[in-house]
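In full-length UniProt numbering, the protein residues as written are 1 to 106. Using N, Cα and C, we set each Cβ at its ideal position, and we do this for glycine too. Below is one structure; the comments refer to it alone.
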């Protein structure tokens, strides 16, 4: 399997959809489904019925998964969206921002 371009803990920018332009951190990565969960982005609201434990009921807000193609790594230098390139530095395979050449930590 190819190396992951977007991993848990990465700062990403949303490229399309209702949250276009928003930035956040990847909370969960699901490589098999090609999806990621980003904090504060694509928030789904579920209505909870009142129960004895919570007699008020209420709304439950939760981040829903996004397709990987809808997000891009935020360049460590500028904060704008960039593609990821793999390079070998000091004998190690590392992720590098294509726009600035900056190392992506992680």
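query                                                                                         : result
7 Å Cβ cutoff met for residue 13 and residue 26                                               : no
8 Å CB neighbourhood of residue 43 in its chain, flanking five on each side removed           : 61, 62, 63, 64
Helix, strand or coil at residue 68 according to DSSP, with G and I counted as helix          : helix
Backbone CA spacing between residue 32 and residue 7 [nearest angstrom]                       : 13 Å
Same chain, Cβ closer than 7 Å to residue 75, five either side skipped, listed in chain order : 82, 97, 99, 100, 102
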